[in-house]
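Chains as they are written, first to last, in the working numbering: chain A, 1 to 352; chain B, 1 to 352; chain C, 1 to 352; chain D, 1 to 352.
Where a beta carbon is used, it is the ideal one built from N, C-alpha and C, also for glycine.
Input: a single structure, listed below in structure tokens.
There are 4 protein chains.
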Amino acid sequence: MESKLGAAILGATGTVGQRLIALLEGHPWFEVASLAASDRSAGKRFADACTWLLPTPMPARIADMRVEPLAPELAGDFALSSLPGDIARQTEQAFAAAGYPVVTNSSAFRMDPDVPILIPEVNHSHLESIAQQRAKRWSGFIVTNPNCSAAALTVALAPIYQAFGLRRVLVSTMQAVSGAGYPGVPSLAILDNIVPHIDGESPKVESEPAKMLGRWGREDGFSFAPIAISAMVHRVPTIDGHMEAISLETERAASPADVRRVLEEFVPPAELAGLPSLPAKTFHCFDDPARPQTRLDRDLGNGMTVSVGPISICPVLGIKFRILGHNTMRGAAGAALLNAELLRRQGLLKRQ
Amino acid sequence: MESKLGAAILGATGTVGQRLIALLEGHPWFEVASLAASDRSAGKRFADACTWLLPTPMPARIADMRVEPLAPELAGDFALSSLPGDIARQTEQAFAAAGYPVVTNSSAFRMDPDVPILIPEVNHSHLESIAQQRAKRWSGFIVTNPNCSAAALTVALAPIYQAFGLRRVLVSTMQAVSGAGYPGVPSLAILDNIVPHIDGESPKVESEPAKMLGRWGREDGFSFAPIAISAMVHRVPTIDGHMEAISLETERAASPADVRRVLEEFVPPAELAGLPSLPAKTFHCFDDPARPQTRLDRDLGNGMTVSVGPISICPVLGIKFRILGHNTMRGAAGAALLNAELLRRQGLLKRQ
Amino acid sequence: MESKLGAAILGATGTVGQRLIALLEGHPWFEVASLAASDRSAGKRFADACTWLLPTPMPARIADMRVEPLAPELAGDFALSSLPGDIARQTEQAFAAAGYPVVTNSSAFRMDPDVPILIPEVNHSHLESIAQQRAKRWSGFIVTNPNCSAAALTVALAPIYQAFGLRRVLVSTMQAVSGAGYPGVPSLAILDNIVPHIDGESPKVESEPAKMLGRWGREDGFSFAPIAISAMVHRVPTIDGHMEAISLETERAASPADVRRVLEEFVPPAELAGLPSLPAKTFHCFDDPARPQTRLDRDLGNGMTVSVGPISICPVLGIKFRILGHNTMRGAAGAALLNAELLRRQGLLKRQ
Amino acid sequence: MESKLGAAILGATGTVGQRLIALLEGHPWFEVASLAASDRSAGKRFADACTWLLPTPMPARIADMRVEPLAPELAGDFALSSLPGDIARQTEQAFAAAGYPVVTNSSAFRMDPDVPILIPEVNHSHLESIAQQRAKRWSGFIVTNPNCSAAALTVALAPIYQAFGLRRVLVSTMQAVSGAGYPGVPSLAILDNIVPHIDGESPKVESEPAKMLGRWGREDGFSFAPIAISAMVHRVPTIDGHMEAISLETERAASPADVRRVLEEFVPPAELAGLPSLPAKTFHCFDDPARPQTRLDRDLGNGMTVSVGPISICPVLGIKFRILGHNTMRGAAGAALLNAELLRRQGLLKRQ
């Protein structure tokens with residue numbers, strides 16, 4: 001058996017960093033090589049620097065590791081990043097320049113013209129863009145995964161877009177508090193409450209799917225799919241799992257049964273077969289009108305399956321349904337990890 | 001000073017019945033004349049029959065009253081009903097036949113061709129339909145108020161429809177558990193959870209506004225406003241207050257500022273001036289993108305004001321914004337009471 | 001390999017029944033032989049009769065099984081019961097009379113003079129009492145597990161009682177809603193709320209530990225341990241996991257460090273080695289004063305480990321600390337299953 | 001009518017500061033004279049500096065006021081402080097030295113030998129200690145109110161101590177998140193969770209009641225009441241209202257009925273008659289074993305009434321019962337305001 005590749009975890013003490021650490025525990029291909037975080041944490045023992053919030057215990061080996069500063073001299077074959085927006089851009093750039101493959105959950109580079117927002121089941125061919133990054137910008141490269149709400153949304157839209165085309169999509173999200181990290185949302189702000197706003201979220205949900213559903217061309221870069229998306233986002237008092245109420249208008253006629261069929265019959269591209277984080281089922285389609293439910297269904301497929309409620313006729317746009325995606329798995333840590341797995345399969349996860 | 005009119009409370013032990021009792025305590029025009037409920041409760045002292053759930057204490061006089069059966073021989077000048085669907089139709093019909101004005105929160109008669117769904121600020125002229133009820137059906141009459149989500153929605157849509165016309169409306173609701181009464185939603189079903197379904201709710205939200213925004217003609221009955229409405233409803237872990245995310249397409253061009261202006265400048269019809277339950281402001285328009293919030297804003301105007309978030313451009317339908325309405329006030333008990341007040345003002349609240 | 005023993009699940013549609021079904025899925029020694037429930041459910045397909053509330057999907061084989069009536073003619077080598085109090089006594093009696101070993105989570109028989117309340121780690125010798133049941137009452141037998149709060153409490157008290165004796169124990173519980181089953185606690189009753197009462201609960205918590213910590217003698221039956229226990233119980237808005245704040249007075253002097261040591265060093269009796277539901281650690285002792293926490297620690301040891309907070313000096317009784325136990329695992333389904341496992345090991349799990 | 005006294009609000013942007021501002025709106029004796037807060041807020045318009053969290057709107061006049069630095073040159077006849085621990089001591093000292101009466105909710109000075117912890121219904125004679133402050137320390141003075149859990153506890157213990165003496169008290173608290181201020185408790189830390197720890201809380205609950213129930217002597221200062229108190233504190237997912245489960249041992253024999261009687265018949269000292277914040281009833285005693293409940297009962301007496309559940313026999317200490325107190329009213333803002341009212345009545349609320 002090949003030896004495991006080492007991951008440098010950037011932003012290790014955050015909620016997504018913790019998920020990454022938990023997921024790498026026992027991962028067949030990867031292992032934690034180093035942990036890095038902001039100056040406040042650097043230098044401390046990980047167990048002392050981190051408010052561990054997962055129901056599974058902190059791995060003992062990790063607890064004793066030293067948190068290192070965010071400088072591109074970390075041990076590891078690649079970087080797994082979930083840095084907060086303000087420091088992500090500068091840090092990830094430094095790592096790419098130093099030759100690291102950077103697989104990141106941060107939004108900093110998502111809209112850059114040569115950086116892919118990758119969901120392996122949706123747009124694995126976008127990985128071609130990293131050759132251009134290497135040619136023009138740095139010896140390493142940066143691959144992002146989408147915003148936590150855009151992730152499940154795009155997974156669900158992709159087969160529909162492929163089959164019927166898409167003109168317009170309206171989505172209203174009900175997002176769990178873990179999406180805001182820790183300390184994140186104050187309890188006084190969310191107990192017995194709904195907050196109709198999340199900073200910077202709507203623009204991401206409205207723009208990222210169009211990039212992911214678009215095309216990469218060596219000459220022209222990314223061309224966006226011509227879909228109008230309108231998002232209204234809400235923070236709700238749930239721990240994990242983003243519910244999304246979707247209405248959409250297809251290009252070509254499609255009945256609810258048609259839409260159901262393309263989701264039900266979706267098979268990930270052959271290139272992905274056997275990736276450790278690929279769920280057995282991309283979609284779980286419910287017949288029960290009261291499903292999916294956040295608490296009951298978020299963990300399906302270890303949080304990587306997208307749950308889909310019954311599809312019905314929308315009197316305004318044509319088709320409507322709900323989806324549920326686990327925000328720190330399909331929408332963050334699991335997404336980044338699946339991206340790293342695809343990169344390794346393609347032989348790209350090597351530090352230059 | 002005129003003596004107060006007596007209300008027979010049908011469904012007195014339920015959550016809306018309790019609100020009605022609390023609102024009538026100290027009401028300038030009305031008082032509780034009798035309390036009635038299903039067979040399970042009839043015959044008991046009210047305090048023994050009712051799980052009182054309001055933070056204000058049960059009025060002492062009410063506690064000692066006897067709960068009577070739902071037969072149309074109750075003391076009172078009119079009936080205030082909030083009966084559950086299954087027994088509402090038969091019971092309210094019996095009361096109307098016995099000459100009672102029936103002001104009801106139940107859905108049983110809302111879609112009958114001669115029964116108005118009344119929101120005084122929106123369609124007070126629909127009260128003309130009760131003459132036809134009396135001519136053709138019974139000596140009393142029935143006036144309904146809308147479904148709790150349709151109520152706030154229609155209050156908000158009315159001035160926009162009036163000013164710009166409306167073609168299409170998409171609404172995603174986040175509804176509090178009190179809307180399901182008591183015991184209602186099990187805690188195991190809603191803690192850390194979102195449930196994307198409420199029995200029978202979507203069709204009401206999709207159809208009632210069009211009836212309320214339509215016209216009553218003596219010859220033709222109700223003609224519905226030609227608006228396509230699509231609703232996706234969700235139960236969320238909040239106590240009171242329904243949040244609604246709305247996207248809409250107007251008939252005539254309207255900017256967010258235009259829409260804001262017609263809501264801000266809305267003045268209820270002169271006929272309503274001085275009704276005790278009419279709030280000082282029909283709308284409270286927020287500039288803060290993080291408002292309205294369920295817990296913070298539901299009690300504005302004693303729960304009768306509809307809160308409106310910032311209006312913005314919807315890339316799909318043109319206009320989008322959130323509203324928040326108190327479901328057991330603007331959406332139930334307060335709505336029924338305001339209807340009764342308008343009826344009294346018009347001299348209609350008399351038992352035949 | 002021996003073939004598996006079949007369990008007849010009594011009360012299969014309830015929350016504890018569901019847990020039992022989930023635990024038996026893939027159990028090395030047992031399998032579901034039949035499902036039974038009250039008349040309301042009997043005759044239906046299990047999937048139609050049951051509101052499945054676990055985050056793991058209902059096993060497919062189980063979904064298609066028919067729910068049978070609660071008559072002692074069910075397939076299975078033994079009965080696993082979690083019937084509600086009102087029907088438990090009569091039903092379990094009938095099964096014992098028909099020769100079934102009945103392993104039950106119900107409270108009906110717990111205080112009977114020849115029925116053990118069993119926690120294998122605490123009082124496995126109490127199983128001797130079933131010989132007397134067989135001699136005097138029926139060809140089968142009944143073994144109960146304790147009340148959900150009494151369970152974790154007694155596990156924690158046992159080593160302390162053993163080492164230092166116990167005079168007095170005060171316990172204040174904070175109990176999750178799953179303890180009340182489904183529909184159970186209404187959401188309106190518990191959101192943003194604490195309820196200082198659970199029907200019939202305090203007497204169980206105050207009496208069951210003394211029976212379990214007492215002795216069984218063939219002549220005298222059970223003699224209770226002479227410990228005064230005072231319980232104040234509270235329902236709190238958590239899903240699973242009962243937190244308990246304990247103060248106690250030992251017979252012989254014991255420092256916090258002494259108490260910690262006996263818990264830390266506790267080893268289950270050799271007879272239990274290898275029982276499939278026995279957790280690797282009976283106790284998990286925390287140093288962090290902010291632990292255990294309900295959501296973070298309830299799943300330790302698959303819900304069978306009892307979490308213990310730092311032990312400190314109680315200025316009133318001497319020793320104080322918190323424990324956390326998973327109420328539907330250590331306090332119900334897991335407890336019953338562990339009891340059944342011990343019975344099988346001892347060759348007692350045979351229908352007569 | 002006398003003109004109103006002006007209050008300088010120290011810590012105006014915090015949750016207790018906000019409550020104070022709301023309570024002073026329309027107060028018959030006092031009004032807001034100035035608003036002060038930490039450097040981060042100083043200089044800003046109040047509306048811009050403060051995340052207003054009350055369901056009643058921010059008063060318009062207050063919104064436009066400028067937040068001033070915490071220097072003892074503020075407009076106002078006295079200071080009402082709710083500063084966080086770290087800056088309270090230094091700031092309040094400076095205000096007292098500058099001649100202000102300082103009425104504070106902060107803990108900084110509570111244990112000082114010449115500073116009273118005041119609950120007017122309990123120990124108004126302790127105000128004599130401020131003469132000594134003035135003689136020895138500063139021209140102004142400092143009067144504190146107790147910790148939020150100690151407040152309701154001491155109100156309840158006082159008549160029992162008076163009537164029967166008290167030897168030992170055990171209390172387990174279930175405290176709302178508003179007690180931690182804003183942002184305070186992260187939602188990820190408390191949704192579906194109980195946290196058995198609040199920094200620095202237990203020592204306050206264990207020591208403050210003994211000081212309040214003790215005596216002030218000009219010569220000897222405060223002598224503490226000889227009561228052993230043991231507290232276990234818990235943070236729970238409720239917004240407002242601290243529930244406390246109390247067991248106690250009296251000096252002289254007392255039945256549950258005796259204890260109930262002294263609480264029921266308690267009448268505040270005549271000196272307090274007519275103080276605007278004094279509730280009509282100091283105690284509300286429930287017969288229902290399921291009361292008090294946090295959400296239903298916290299607002300009794302505008303949050304100043306202490307709710308008391310049924311008193312019963314504790315098999316360990318003799319007497320047990322629950323109390324519920326509103327933590328930001330009886331436990332903070334309302335407490336400070338009542339203290340200020342008593343001081344004004346006694347002619348002490350004058351800046352030197």
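Grouping DSSP H, G and I as helix and E and B as strand, with all else coil, what is Met1(D)? For Met1(D), the predicted structure reports a pLDDT of 49, less than 50, and the residue's modelled location is therefore unreliable. The matter cannot be settled from this model.
Rounded to a whole number of angstroms, what is the C-alpha to C-alpha distance between Leu278(C) and Leu10(C)? 23 Å
Within its chain, find whatever has a CB closer than 7 Å to the CB of Pro256(D); leave out the 5 residues flanking it on each side and keep chain order. Ile311, Ser312, Ile313, Ile319
Only counting the same chain, and skipping five residues up and downstream in sequence, which positions put a Cβ closer than 6 Å to that of Trp138(D)? Ala96, Ala97
Going along the chain, which residues of its own chain have a beta-carbon closer than 7 Å to the beta-carbon of His398(D), five neighbours each way excluded? Summary: the structure shown does not reach residue 398(D), with chain D confined to residues 1 through 352, and so no result is reported for it.
Determine whether the Cβ of Pro196(B) lies closer than 8 Å to any Cβ atom of chain A. yes
Any idea if Arg298(A) is buried or exposed, counting beta-carbon neighbours within 10 angstroms, 16 or more meaning buried? buried
Is Thr294(D) helix, strand or coil by DSSP? helix
On the criterion of 16 or more Cβ atoms from any shown chain inside 10 Å, does Gly274(B) qualify as buried, or is it exposed? exposed
Give the interface partners of Ile239(C) over in chain D, defined as CB-CB distance under 7 Å, in chain order. Asp192
Residues near Ala335(A) in its chain [Cβ-Cβ closer than 6 Å; skip 5 each side]: Asn145, Ala151
In chain order, which beta strand (DSSP E) runs of at least 3 residues are fully inside the region 24-82 of chain B? 30-36, 78-81
Member of Asp48(B), Ala33(B), Phe30(B) whose CA lies at the smallest distance from the CA of Thr13(B): Asp48(B)
Do you know how far the Cα of Gly303(D) is from the Cα of Thr294(C)? 29 Å
Could you give the distance in angstroms between the alpha-carbon of Ile160(C) and the alpha-carbon of Gly301(C)? 21 Å
8 Å is my cut-off, CB to CB: does Arg295(D) come that close to chain B? yes
Checking contacts by CB at 8 Å: is Asp299(C) closer than that to chain A? yes
Would you say Ser178(C) reaches chain B, if we count a Cβ-Cβ gap shorter than 8 Å as a contact? yes
Anything in chain D within Cβ reach of Leu53(A), meaning under 7 Å, just list it in chain order. Leu188
Are the Cβ atoms of Thr282(C) and Val306(C) separated by less than 8 Å? yes
Under 8 Å between beta-carbons, which chain C residues line up against Gly184(B)? List them in chain order, please. Pro186, Ser187, Leu188
Whose C-alpha, out of Val32(C), Glu249(C), Leu157(C), is nearest the C-alpha of Leu74(C)? Val32(C)
Note down, in chain order, each residue of its chain lying with its Cβ closer than 7 Å to the Cβ of Met1(B), except the 5 sequence neighbours on either side. Reliability fails at Met1(B), whose pLDDT of 49 lies under 50, so the model's placement of it is uncertain and no value is given.
Go ahead and pull the three-state DSSP assignment for Ala280(C). coil
So with Cβ pairs under 8 Å, would you call Arg168(C) a contact of chain D? yes
Using the C-alpha atoms, what's the distance from Tyr182(C) back to Leu191(A)? 23 Å
Distance between Gly217(B) and Arg168(A) (C-alpha atoms, nearest Å): 38 Å
Own chain, CB closer than 6 Å to Leu170(D), minus 5 neighbours either side, in chain order: Ser230, Ser247
Please tell me whether Val205(B) has its Cβ less than 8 Å away from any Cβ of chain A. no
Could you work out which residues of chain B lie near His284(A), taking near to mean beta carbons separated by less than 8 Å? Simply none; closest approach about 14 Å.
Collapsed DSSP secondary structure at Gln175(C) in the structure displayed: strand
Hey, is Glu121(A)'s beta-carbon within less than 8 Å of any beta-carbon in chain C? no
Mapping DSSP to helix, strand and coil, what is Leu170(C)? strand
His234(C): contacting residues in chain D (beta-carbon distance under 8 Å): Met174, Met243, Ala245
Identify every run of the beta strand (DSSP E) within the region 209-269 of chain A, keeping only runs that are complete inside it and at least 3 residues long; order them along the chain. 215-217, 221-223, 228-232, 242-250
From the DSSP output, in three-state form, read off Ala8(A) for me. strand
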